[in-house]
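Chemist: Okay, so the sequence shown: first residue is 1 according to the numbering used here, each after it adds one. All residues carry an ideal CB built from backbone N, CA and C; glycine is no exception. The structure presented is a predicted model; accordingly, all values stated were derived computationally and were not measured. Here's a structure for you.
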Amino acid sequence: TTLVYTFLVVEYLSPLKLVSKMMMPKANRIAIYTTLFKDGCLAVKKDTKKASHDQVTNVPNLHVMKEMQSLVSRGYCRTTFSWQWSYYFLTDEGIDFLRKYLHLPEEIVPDTLMKPQGAAALPSGPGGRGGRPGGMGRGFDKGPREGGYRREGGAPRGFGRGGPRE
């Protein structure tokens with residue numbers, strides 16, 4: 001027997017086994033997969049009553065949540081949850097699955113795997129870190145003779161905790 005509700009189909013296969021599946025139009029599934037494959041990642045707010053998802057237009061947020069949950073359970077995505085938002089990232093198996101499902105050639109890859117074309121290397125100063133000469137800056141790599149971090153004498157004592165008492 002089959003009971004049909006608004007979004008769920010519940011099938012009784014045996015008295016001990018209950019299987020539920022999410023019913024959604026194929027157009028919604030293709031829109032979710034297309035957006036996920038294009039970007040390589042997807043952010044979903046944990047809000048089941050939200051009418052439409054932010055990135056996938058004209059698709060209810062609940063459909064996006066459940067489809068991404070399905071991809072995670074099959075090992076095609078990995079997820080990170082923070083502050084009521086789920087962040088989903090495609091795995092290599094997920095890229096292969098979506099490429100087959102959407103009938104895409106091997107040359108097309110998600111934006112997260114594309115290398116920037118013609119982008120110049122990040123500018124770096126003589127030390128290689130953010131333009132500060134000497135690496136980490138503030139004299140950490142200088143020796144005691146050059147006015148480095150651990151110099152002889154140091155700060156005057158007697159101020160605050162740990163100083164000599166008079």
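Let's see if you can read the secondary structure: which residues bound the alpha helix (DSSP H) around K66?
Modeler: As a first step, residue 66 is located in the sequence shown; it is residue number 66 there, counting from the start. 61 to 73 is the extent of the alpha helix (DSSP H) around K66.
Chemist: Could you pull the start and end residues of the alpha helix (DSSP H) that K100 belongs to?
Modeler: Within the sequence shown, the letter at position 100 stands for residue 100. In the DSSP assignment, K100 falls within the unbroken alpha helix (DSSP H) covering 92 to 101.
Chemist: Can you round the beta-carbon distance between T48 and N61 to whole angstroms, since I take them to be within the 8 Å contact cut?
Modeler: The residue given as residue 48 occupies position 48 in the sequence shown. The residue given as residue 61 occupies position 61 in the sequence shown. Rounded, the Cβ-Cβ distance is 7 Å, consistent with contact.
Chemist: Using 8 Å for Cβ pairs, my map puts L102 next to T34. What's the rounded Cβ distance?
Modeler: Locating residue 102 in the sequence shown gives position 102, where the first residue counts as 1. Locating residue 34 in the sequence shown gives position 34, where the first residue counts as 1. Between T34 and L102 the Cβ distance is about 7 Å, and since that is below 8 Å, they are a contact.
Chemist: Residues in its own chain within less than 6 Å of D92 by CB, not counting five upstream and five downstream?
Modeler: Position 92 of the sequence shown, counted from the first residue, corresponds to residue 92. Nothing meets the Cβ criterion.
Chemist: When DSSP labels each residue in this structure, what does K50 get in the three-state scheme?
Modeler: In the sequence shown, residue 50 corresponds to position 50, counting from 1. Note: K50 maps to coil in three-state DSSP.
Chemist: Go to L42, then tell me how far its alpha helix (DSSP H) extends in each direction, as first and last residue.
Modeler: The sequence position of residue 42 within the sequence shown is 42, counting from 1. L42: not part of any alpha helix (DSSP H); member of the beta strand (DSSP E) spanning 41 to 45, first to last residue.
Chemist: Please go through the same chain and pick out, in chain order, the residues whose beta-carbon is closer than 6 Å to the beta-carbon of Y88, but skip the five residues on each side of it.
Modeler: Counted from its first residue, the sequence shown places residue 88 at position 88. Closer than 6 Å at Cβ, skipping near neighbours: L42, M68, C77, T79.
Chemist: Name the DSSP bridge partner or partners of Y88?
Modeler: By one-based count along the sequence shown, residue 88 stands at place 88. DSSP lists L42, T79 as partners of Y88.
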